[in-house]
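Trainee: Numbering (the numbering used here), first residue to last: 459 to 604.
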Amino acid sequence: MKMQSKPGFTLMEVLMVVVLLGIFALIAVPRFANVKKLSYTTARELVGDLRNTRSLAINTGVSHYLKLLPSGGPYTEYKIFDKDDNQIGDTQIIPDGVTCTATTDTFSFNYLGSCNNGSDDSITLVGESETYTVYITGITGRAYIQ
Numbered sequence: 459m460k461m462q463s464k465p466g467f468t469l470m471e472v473l474m475v476v477v478l479l480g481i482f483a484l485i486a487v488p489r490f491a492n493v494k495k496l497s498y499t500t501a502r503e504l505v506g507d508l509r510n511t512r513s514l515a516i517n518t519g520v521s522h523y524l525k526l527l528p529s530g531g532p533y534t535e536y537k538i539f540d541k542d543d544n545q546i547g548d549t550q551i552i553p554d555g556v557t558c559t560a561t562t563d564t565f566s567f568n569y570l571g572s573c574n575n576g577s578d579d580s581i582t583l584v585g586e587s588e589t590y591t592v593y594i595t596g597i598t599g600r601a602y603i604q
């Protein structure tokens, strides 16, 4: 009696496909997770730079400010300046995929650490699926995420 072979896949072929799909999944999942965290990471960096600007003003005894650009928004970058409009550090880019809006485009800290003559302000960062707001308490200059 002659054995007839039926069309189909061998166990080895099926296992190879499963392994390849697993590898592709391991590569793709972290990329999607990073997109969701982008707005939070940007908010944390912005808070750090606001705190740094405040510290510079207190430590040097002269005003420093953080400016969102371009004026009027939506903002794509920001810079830190001293009172003589000299840029401190590098220009910080707000990444693609994050939309930035704010109540004002300039956050000026005086030698006591107060911001914008005591008025409270906020910066909103909207990512693909998350929104974070950075609040700046005017009287104390405190910056935090909510």
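We put the CB at the ideal spot given by N, CA and C, even for glycine.
Would you grab the beta carbon distance between alanine 515 and tyrosine 533 for me? Rounded to a whole angstrom, and I think it's under 8 Å.
Mentor: The pair is not a contact, with the Cβ atoms about 21 Å apart (cut-off 8 Å).
Trainee: Could you tell me whether the stretch 518-532 touches the stretch 496-503, using the rule of 3 or more Cβ pairs below 8 Å?
Mentor: Judged by Cβ distances under 8 Å, the stretch 518-532 makes no contact with the stretch 496-503, as fewer than three pairs qualify.
Trainee: With distances taken Cα to Cα, identify the nearest neighbour of cysteine 558 among Ile481, Val476, Ser529.
Mentor: Among Ile481, Val476, Ser529, the Cα nearest to that of cysteine 558 is on Ser529.
Trainee: Pick from Arg509, Met470, Tyr536: whose alpha carbon is nearest that of isoleucine 594?
Mentor: Of the listed residues, the one whose Cα sits closest to isoleucine 594 is Arg509.
Trainee: Alpha carbon to alpha carbon, how far is isoleucine 603 from threonine 499?
Mentor: For isoleucine 603 and threonine 499, the distance between alpha carbons rounds to 11 Å.
Trainee: Valine 556 and valine 584 look like a contact to me (Cβ under 8 Å); what is the Cβ gap, rounded to whole Å?
Mentor: Correct: roughly 7 Å between the Cβ atoms.
Trainee: Please report the straight-line C-alpha distance between glutamate 535 and glycine 596, rounded to a whole angstrom.
Mentor: The alpha-carbon atoms of glutamate 535 and glycine 596 are separated by roughly 22 Å.
Trainee: For the beta strand (DSSP E) that valine 588 lies in, which residues bound it at each end?
Mentor: According to the sequence as given, residue 588 is glutamate; it is not valine. Element bounds for glutamate 588: n/a, residue is neither H nor E.
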